[in-house]
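Visitor:
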Ligand code: SF4
């Protein structure tokens, strides 16, 4: 059975004004972007909207999500962005409830853009890696200059009364060289509706970085980093939703995972590039050149064809999709971890039939909540006892997440 695709990442501009060295589009194994048109044409945008609306109607979808993405989508300019949003709304709104978003690095975000988004109903998510030191470690522009002040100006605009309703949240790529508390405190100080912590993309061929020495040199550095953030989050009464932790809580309570990077929930994500080609999840680009390609495009194919693509089906097959990774199939936290992000399982030779490359450095991240709720894990979680105690019993007020909210959290993926 195929799972309906309800989320569309629409690439509207295929270049970026930053040169972040951890970017999976431009700085890893895939070179697809070099052959793409910079900006999506009006013809392509209209065809995408038409195709997605046909599919939503056919599948009787009640709600769909479209995220304008890049590269840096704001580089498409207000005129093209207006056209894209208006065509999406015209085609999709009669069929399904449309949740329209843009994911930006924030550098070009200004009042003109925000007034346009207010008019068109586009909510805004911003990438920011924490405090100035953390952000400047990777998120520099093409001349090597910090993006920090420009991004903070964008966030400050979003926090103004006029635009606050457009503020979706902050996406932070983890670097364990950064101070976890400084990162979390810097992000929460910006009063975001949600924080998403993303593991830096890695595979077994290109494992995540580990410090050779210093305080972050431990057996499980990523779990330890997240553990520190979890403790702070818990001290703060979990005031700002953090999807990573909420996803683990949800799955341990028998609910859905809230992110494709954790748990066994099937992927419902489609990606369309600026030239109209369908792709699988963008994150696959870290595996090998062309890994996300499908050979389909919106002019010759519909979303139903993409939904039946073997690569899409593989990311919808839950525990069966863990294939030969016997370690995952018998793992006590497989419902919460799910073998991690599909792309993070890749190894030359065995393909994606492996546990996550992060299994070796952060198994405790999912065991944290598991243990705190009275479960047993395959190894003791490396988290502080205070965290385990304070999380409270299953179904406690703080760990309770309403079912409708869960659906909407799930809708904000780590694009
Ligand atoms: S913790 Fe490791 S073994 Fe368990 S499901 Fe995740 S990747 Fe697989």
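Numbering (my numbering), first residue to last: 117 to 531. Every residue gets a Cβ at the ideal spot worked out from N, C-alpha and C, and that includes glycine.
So is the beta-carbon of residue 449 under 7 Å away from any non-hydrogen atom of the ligand SF4?
Guide: yes
Visitor: Helix, strand or coil for residue 205 per DSSP?
Guide: Helix at residue 205.
Visitor: Enumerate in chain order the residues of its own chain whose CB-to-CB distance from residue 486 is below 7 Å, with the five nearest sequence positions on each side excluded.
Guide: Any reading at residue 486 must be qualified, since the residue scores a pLDDT of 42, below 50, and its modelled position is unreliable; no value is offered.
Visitor: Is the number of C-beta pairs between the stretch 163 to 170 and the stretch 206 to 220 that are closer than 8 Å three or more?
Guide: yes
Visitor: Could you tell me the alpha carbon to alpha carbon distance between residue 219 and residue 188, rounded to whole angstroms?
Guide: 8 Å
Visitor: Could you please give the first and the last residue of the uninterrupted alpha helix (DSSP H) stretch that includes residue 350?
Guide: 337 to 351
Visitor: Going by the DSSP bridge assignment, what does residue 289 pair with across the sheet?
Guide: 314
Visitor: What would DSSP say about residue 468, mapped onto helix, strand or coil?
Guide: coil
Visitor: Take residue 129 as the anchor and find which of 257, 192 and 181 has the nearest alpha-carbon.
Guide: 192
Visitor: Among 180, 237 and 231, which residue has its Cα nearest to the Cα of residue 211?
Guide: 180
Visitor: Distance, Cα to Cα, residue 412 vs residue 360?
Guide: 32 Å
Visitor: Compute the Euclidean distance between the alpha carbons of residue 299 and residue 151, then round it to the nearest angstrom.
Guide: 36 Å
Visitor: Quick one: give me the first and last residue of the alpha helix (DSSP H) that residue 217 is part of.
Guide: Segment 213 to 220 is the beta strand (DSSP E) holding residue 217; no alpha helix (DSSP H) there.
Visitor: Using 8 Å for Cβ pairs, my map puts residue 423 next to residue 177. What's the rounded Cβ distance?
Guide: In fact, because the Cβ distance is near 12 Å, the residues do not count as touching under 8 Å.
Visitor: Should residue 265 be flagged as near chain C, meaning a C-beta pair shorter than 8 Å?
Guide: The chain labelled as chain C is not found in the depicted structure, where only one protein chain is given.
Visitor: List the whole-angstrom C-beta distance separating residue 214 from residue 182, where the pair is believed to meet the contact cut-off of C-beta under 8 Å.
Guide: 7 Å
Visitor: Does residue 129 come out as helix, strand or coil in the three-state DSSP assignment?
Guide: strand
Visitor: Leaving out the 5 sequence neighbours to the left and right, which residues in its chain are closer than 6 Å to residue 427 when beta-carbon positions are compared?
Guide: 396
Visitor: Which of the three DSSP states, helix, strand or coil, is assigned to residue 417?
Guide: coil
Visitor: Roughly how many angstroms separate the alpha carbons of residue 257 and residue 429, rounded to a whole number?
Guide: 37 Å
Visitor: Are the stretch 228 to 236 and the stretch 272 to 285 touching, with three or more C-beta to C-beta distances below 8 Å?
Guide: yes
Visitor: Just verifying my parser: in three-state terms, what is the DSSP assignment at residue 242?
Guide: strand
Visitor: Going by Cα to Cα distance, which pick from 118, 274, 404 and 370 is closest to residue 229?
Guide: 274
Visitor: Can you tell which of 375, 371, 322 and 441 has its C-alpha closest to the C-alpha of residue 464?
Guide: 322
Visitor: To the nearest angstrom, report how far apart residue 406 and residue 340 are at their CA atoms.
Guide: 34 Å
Visitor: Is the beta carbon of residue 563 less than 8 Å from the beta carbon of residue 403?
Guide: Since the first and last residues shown for the chain are 117 and 531, residue 563 lies out of range.
Visitor: Looking at residue 441 and the ligand SF4, is the gap between the Cβ and the nearest heavy atom below 7 Å?
Guide: yes
Visitor: Among 387, 408, 447 and 441, whose alpha-carbon lies nearest the alpha-carbon of residue 418?
Guide: 387
Visitor: Pop quiz: residue 271 and residue 242 are said to be a contact at Cβ under 8 Å. What is the actual Cβ separation, rounded to whole angstroms?
Guide: 6 Å
Visitor: What is the DSSP secondary structure of residue 356, reduced to helix, strand or coil?
Guide: coil
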